[in-house]
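A.B. asks: First, the structure itself, so that you have it in front of you.
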Amino acid sequence: MIESTDFEFLGFEDVMKTHCIQHGTITILRVTKGKIALAWSDSDPLFISEPGMYEFDSPDFAFDSFRDAEENLIQLGSKKVVQVQTGQVAVTYDDGLLKILHNGTHEINSSTHIIRRFLSLQEKSIRLATLSAKERKSHNHSRKSKTSQSADYYTAEEVMDSDLTICETKDLVKVGIRADIFYSISDPEKCILKIDTDELEDLVRETAIATLTNIIRSTALNQIAQSKNVSAGSPFDQVREVSPNPAKSTEENYPPPIPVTPVRTNEETNPPPSAPMAEFFDKTHDEFMHKLHDDFHLRYGVDISNIRIEAFKIMDSNLSEQISKHALTTAQIENEMANLEGMSLISTQKEKTSAEVKNISALADAEALKTAADAANQRRINAAMAEGEALRIKAKAEAESFKLKVAAEAESIKLKAAAEAERAEMISKTDLGKQEALLAIYSDMVVNANKGVEKVIYLDPTINRESPFALSTMHNLNEDLHSLTKLGIVSSQQGNGNL
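If you count the sequence shown from 1, you need to add 29 to reach the working numbering.
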């Protein structure tokens, strides 16, 4: 019970549902998770982010609003909280000077520090088309807004051609290329200082179209076209372009648009680009990147990372049909050549296998013959070695036997000579012995002189004493021995004299 003339009841407030209760100078705030309360306290901005109940009783306190904590920019007066996500930067100007804020939470307390915008650094893709994106949307919108009586005003082919880059080849044939360019901002400060970032997409598109047009203009048609519709890419990353009924399709050069799906191609679905087309795509990619990548990076701080060429179209339907027929004929010829080459490879492999089998058999026979010959040679060698060993042993035994025999004979001769010498010495000591020795010498001389005599002639020694056939008498023999003895004595004396 309150009894006072100054008390006035105004009503009830649910504090669980009401986040801000104000009465006079009293303010009660309930801050929940994910919310930030913005208020003025003594003319200064106040941010309350911690959850809880807050009560203020001051005429200088004024509640402003609640903001979501996930907002990129929360600002009250000169105080700002900037949350920069990964993949973007905040473009700000501090006292008129450009300042780039990178990812993270930034608190700013300056009235001269202005937050201009957030700029994405993520990679973007642009379809290189003669019409801009706004013109294509306007084109499609105009087509949808036509009445049923004039629905054919824009054909499906015109809509499909609206995203092509139309250019001329070296031989002045109009072609269309469906291509995408991928780019990102690598140096945001340089990019902002050089160009208006809102016009960056148009700059990239127009420069890329001009570069691609110059490349096509320096290339002849026969270096590009092998069929009227060609998809670029690796053989396992082709774009499926299939018409439910190609014979009844209202389009000459493109089937009805369907979702693009990467598929694994083969000869029955969508074959990979022919060699000239693949070389053209590679050449175009390399030359395009060479001309734009470094220039954009150094001049604008923009990274041109890639160009993807999806399809190529000859705008002249008659010429396109002729090239398509020629490509079909070429494909059939290549298929037949591939089949013939396959059959040739099979035949060659069979002959090669047969030759290898024969070669293996011949090698086995030769190895068997070689083994048999080696065994026979080894047996002969072993037999010869055994025979040689036997001969060596036999020769050694005979040599030992002969050596023993010679030694025995030598020993016998030595004993005999010693005995005869002893006998001669004993005989020589007597006169009879001397005469006997002389007779023995004479007897040996006569025997040796008459060896080989077949006829004997008798000569009387008393008649012809000077004949060489006369037998020596004892007297003559004695004289001869005496002469020899004198010669031996004289020779011995001369030898002593020389000494």
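Don't be surprised by glycine CBs; every beta carbon is placed ideally from N, CA and C.
Would a C-beta distance cut-off of 8 Å place proline 74 and valine 60 closer than the cut-off?
C.D. replies: Indexing the sequence shown from 1 puts residue 74 at position 45. Indexing the sequence shown from 1 puts residue 60 at position 31. No, Cβ-Cβ distance for proline 74 and valine 60 is not below 8 Å.
A.B. asks: Go through its chain and collect everything with a Cβ distance to phenylalanine 211's Cβ below 6 Å, but skip five positions before and after it.
C.D. replies: Along the sequence shown, read from residue 1 onward, the residue named residue 211 stands at position 182. Around phenylalanine 211: Glu152, Ser154, Ser334 and Asn335.
A.B. asks: Between the alpha carbons of leucine 105 and alanine 68, how many angstroms are there, rounded?
C.D. replies: Within the sequence shown, numbered from 1, the residue matching residue 105 stands at position 76. Within the sequence shown, numbered from 1, the residue matching residue 68 stands at position 39. Answer to the nearest angstrom: the Cα atoms are 8 Å apart.
A.B. asks: Which residue spans inside the region 182 to 253 form an unbroken beta strand (DSSP E) run of at least 3?
C.D. replies: The qualifying runs are 194 to 197 and 203 to 214.
A.B. asks: Could you pull the DSSP bridge partners for asparagine 479 from this structure?
C.D. replies: Here residue 479 refers to the residue found at position 450 when the sequence shown is read from its first residue. BP columns for asparagine 479 are empty, so no partner.
A.B. asks: Can you tell which of Thr400, Phe76 and Thr198 has the C-alpha that lies nearest to the C-alpha of serine 247?
C.D. replies: Translated into the one-based positions of the sequence shown, residue 247 becomes position 218. For serine 247, the closest alpha carbon among the candidates Thr400, Phe76 and Thr198 is that of Thr198.
A.B. asks: With a 10 Å radius around its C-beta and 16 neighbouring C-beta atoms as the bar for buried, classify aspartate 35 as buried or exposed.
C.D. replies: In the sequence shown, counting from the first residue as 1, residue 35 sits at position 6. Exposed, because fewer than 16 other Cβ atoms sit within 10 Å of the Cβ of aspartate 35.
A.B. asks: Check whether the region 78 to 97 touches the region 128 to 135, counting contact only when three or more Cβ pairs, one atom from each stretch, lie closer than 8 Å.
C.D. replies: no
A.B. asks: Check for me: the beta strand (DSSP E) holding threonine 530 runs from which residue to which?
C.D. replies: The requested residue 530 does not occur in the structure, where the chain is confined to residues 30 to 528.
A.B. asks: Taking just the CA atoms, how far does glutamate 438 sit from arginine 409?
C.D. replies: Translated into the one-based positions of the sequence shown, residue 409 becomes position 380. Translated into the one-based positions of the sequence shown, residue 438 becomes position 409. Approximately 42 Å, taken between the alpha carbons.
A.B. asks: Going by alpha carbons, who is nearest to isoleucine 143 out of Ser107, Thr47 and Lys354?
C.D. replies: If you number the sequence shown from 1, residue 143 lands on position 114. Comparing Cα-Cα distances from isoleucine 143 to each of Ser107, Thr47 and Lys354, the minimum goes to Ser107.
A.B. asks: Any contact of the region 355 to 368 with the region 220 to 231, i.e. 3+ C-beta pairs under 8 Å?
C.D. replies: Two segments are said to touch when three or more pairs of C-beta atoms, one from each, lie closer than 8 Å; by this definition the region 355 to 368 does not touch the region 220 to 231.
A.B. asks: If the criterion is Cβ atoms closer than 8 Å, does the pair threonine 56 and phenylalanine 38 meet it?
C.D. replies: Working through the sequence shown from its first residue, we reach residue 56 at position 27. Working through the sequence shown from its first residue, we reach residue 38 at position 9. No, these two residues do not count as a Cβ contact at 8 Å.
A.B. asks: Mind the definition here: the region 368 to 378 touches the region 237 to 251 only if three or more C-beta pairs lie below 8 Å; say whether that holds.
C.D. replies: no
A.B. asks: Which residue's Cα is closest to the Cα of aspartate 124: Arg145, Gly116, Asp394 and Lys458?
C.D. replies: Position 95 of the sequence shown, counted from the first residue, corresponds to residue 124. Among Arg145, Gly116, Asp394 and Lys458, the Cα nearest to that of aspartate 124 is on Arg145.
A.B. asks: Distance check for leucine 241 and threonine 313, CA to CA, integer angstroms please.
C.D. replies: Against the sequence shown, residue 313 aligns to sequence position 284. Against the sequence shown, residue 241 aligns to sequence position 212. Whole-angstrom Cα-Cα distance: 8 Å.
A.B. asks: So what's glycine 81 in DSSP terms, helix, strand or just coil?
C.D. replies: Here residue 81 refers to the residue found at position 52 of the sequence shown. DSSP places glycine 81 in strand when its eight states are reduced to three.
A.B. asks: Starting from histidine 48, trace the beta strand (DSSP E) both ways and give me its first and last residue.
C.D. replies: Position 19 of the sequence shown holds residue 48. Here histidine 48 belongs to no beta strand (DSSP E), and DSSP marks it neither H nor E.
A.B. asks: Please report the distance separating the alpha-carbon of lysine 277 from that of leucine 348.
C.D. replies: Here the question's residue 277 lines up with position 248 in the sequence shown. Here the question's residue 348 lines up with position 319 in the sequence shown. The predicted position of lysine 277 is uncertain, since its pLDDT is 39 and thus under 50; a value taken from the coordinates is nonetheless stated next. About 20 Å.
A.B. asks: Exposed or buried, alanine 208, counting other C-beta atoms within 10 Å across all chains shown (16 or more means buried)?
C.D. replies: As a position in the sequence shown, residue 208 is number 179, starting the count at 1. Label assigned to alanine 208: buried.
A.B. asks: Do you know whose CA, among Asp200, Glu418 and Glu454, lies nearest asparagine 251's CA?
C.D. replies: The sequence position of residue 251 within the sequence shown is 222, counting from 1. Nearest of Asp200, Glu418 and Glu454 to asparagine 251, Cα basis: Asp200.
A.B. asks: Specify the secondary structure class of glutamine 361 as computed by DSSP and reduced to three states.
C.D. replies: In the sequence shown, residue 361 corresponds to position 332, counting from 1. Reduced to three states, the DSSP call for glutamine 361 is helix.
A.B. asks: Please report the distance separating the alpha-carbon of isoleucine 50 from that of isoleucine 77.
C.D. replies: Counting from one through the sequence shown, the residue named residue 50 turns up at place 21. Counting from one through the sequence shown, the residue named residue 77 turns up at place 48. Whole-angstrom Cα-Cα distance: 16 Å.
A.B. asks: Is it the case that the Cβ atoms of alanine 119 and valine 111 are separated by a distance below 8 Å?
C.D. replies: Position 90 of the sequence shown, counted from the start, is the residue given in the question as residue 119. Position 82 of the sequence shown, counted from the start, is the residue given in the question as residue 111. Yes, they are a contact pair.
A.B. asks: From the DSSP output, in three-state form, read off isoleucine 129 for me.
C.D. replies: As a working note, residue 129 is residue 100 in the sequence shown. Looking at isoleucine 129 - three-state DSSP - the assignment turns out to be strand.
A.B. asks: Name the DSSP bridge partner or partners of glutamine 112?
C.D. replies: Position 83 of the sequence shown, counted from the first residue, corresponds to residue 112. Its beta-bridge partners are Thr134.
A.B. asks: Would you call threonine 194 buried or exposed, if buried means 16 or more other Cβ atoms sit within 10 Å of its Cβ?
C.D. replies: Numbered from its first residue, the sequence shown carries residue 194 at position 165. Buried is the call here.
A.B. asks: Let me make sure I understand the geometry here. Which of Thr141, Ala237 and His326 has the alpha-carbon closest to that of aspartate 216?
C.D. replies: Reading the sequence shown from its first residue, position 187 is the one you call residue 216. Minimum Cα distance to aspartate 216 is reached at His326.
A.B. asks: Based on the DSSP output, what are the partners of valine 386 in its beta bridges?
C.D. replies: Locating residue 386 in the sequence shown gives position 357, counting from the first residue. Valine 386 is not bridged to any residue.
A.B. asks: On the CB-based measure, 16 or more other CB atoms within 10 Å of its CB, does lysine 342 come out buried or exposed?
C.D. replies: Translated into positions along the sequence shown, residue 342 becomes position 313. Lysine 342 is classed as buried because its beta carbon has at least 16 other beta carbons within 10 Å across all chains shown.
A.B. asks: Would phenylalanine 92 and glutamine 117 be called neighbours here (beta carbons separated by less than 8 Å)?
C.D. replies: As a first step, residue 92 is located in the sequence shown; it is residue number 63 there, counting from the start. As a first step, residue 117 is located in the sequence shown; it is residue number 88 there, counting from the start. It is not a contact, given that the beta carbons lie outside the stated cut-off.
A.B. asks: Cα-Cα, which of Met82, Thr54 and Asp71 is closest to lysine 62?
C.D. replies: Start at 1 with the first residue of the sequence shown, and residue 62 comes out as number 33. With distances taken between CA atoms, lysine 62 lies nearest to Met82 out of Met82, Thr54 and Asp71.
A.B. asks: Suppose contacts are defined by Cβ-Cβ distances below 8 Å. Is threonine 54 in contact with serine 87 by that definition?
C.D. replies: To locate residue 54, count along the sequence shown from 1; it is residue 25. To locate residue 87, count along the sequence shown from 1; it is residue 58. Yes; because the gap between Cβ atoms is below 8 Å, this pair is in contact.
A.B. asks: Hey, quick one: how far does the beta strand (DSSP E) through glutamate 339 stretch, first residue to last?
C.D. replies: The count along the sequence shown starts at 1 and reaches residue 339 at position 310. That run of the beta strand (DSSP E) goes 331 to 343.
A.B. asks: Rounding to the nearest angstrom, what Cα-Cα distance links valine 435 and alanine 426 in this structure?
C.D. replies: Taking the first residue of the sequence shown as position 1, residue 435 is located at position 406. Taking the first residue of the sequence shown as position 1, residue 426 is located at position 397. Straight-line Cα distance between these residues: approximately 14 Å.
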